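Asks:
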Amino acid sequence: MLFMPQLNPVKFFGEVKAELLKVTWPSKNEVIRLTAIVIIISLIVGAFLGGLDFIFTKSIEFILKK
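Heads up: the sequence shown at position 6 corresponds to 1 in our numbering, and the numbers run straight through without jumps.
1. Which first and last residues belong to the alpha helix (DSSP H) in which K23 is found?
2. How many Å lie between P4 and S37 at the Cα?
3. Using the three-state DSSP reduction, which class does P4 fall into: helix, strand or coil?
4. Taking only the alpha-carbon atoms, compute the straight-line gap between V18 and L44 and give it to the nearest angstrom.
5. Please report the straight-line C-alpha distance between P21 and F8, rounded to a whole angstrom.
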């Protein structure tokens, strides 16, 4: 049977803090720029999919009316 080592919360949170200090955080300008890119791409993809949905809906309506 496997035994889990005894967990020490103080040691755990100390290790978490040490790892967070190693992280290279993005600058404010980089966050703003990348967020804007994500929003723009999401709008483009949404418009494209909405357009496809509209075209397919109108096509199906046209076919079923005949």
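Backbone N, C-alpha and C fix where the C-beta goes; we use that ideal spot for every residue, glycine too. Computed from a prediction, not measured in an experiment: that's the story for all the values here.
Replies: This is what the structure gives:
1. Where K23 is concerned, the enclosing alpha helix (DSSP H) stretches over 23 to 60.
2. The alpha-carbon atoms of P4 and S37 are separated by roughly 41 Å.
3. Helix.
4. In this structure, the CA atom of V18 is about 37 Å from the CA atom of L44.
5. So the two alpha carbons sit approximately 23 Å from each other.
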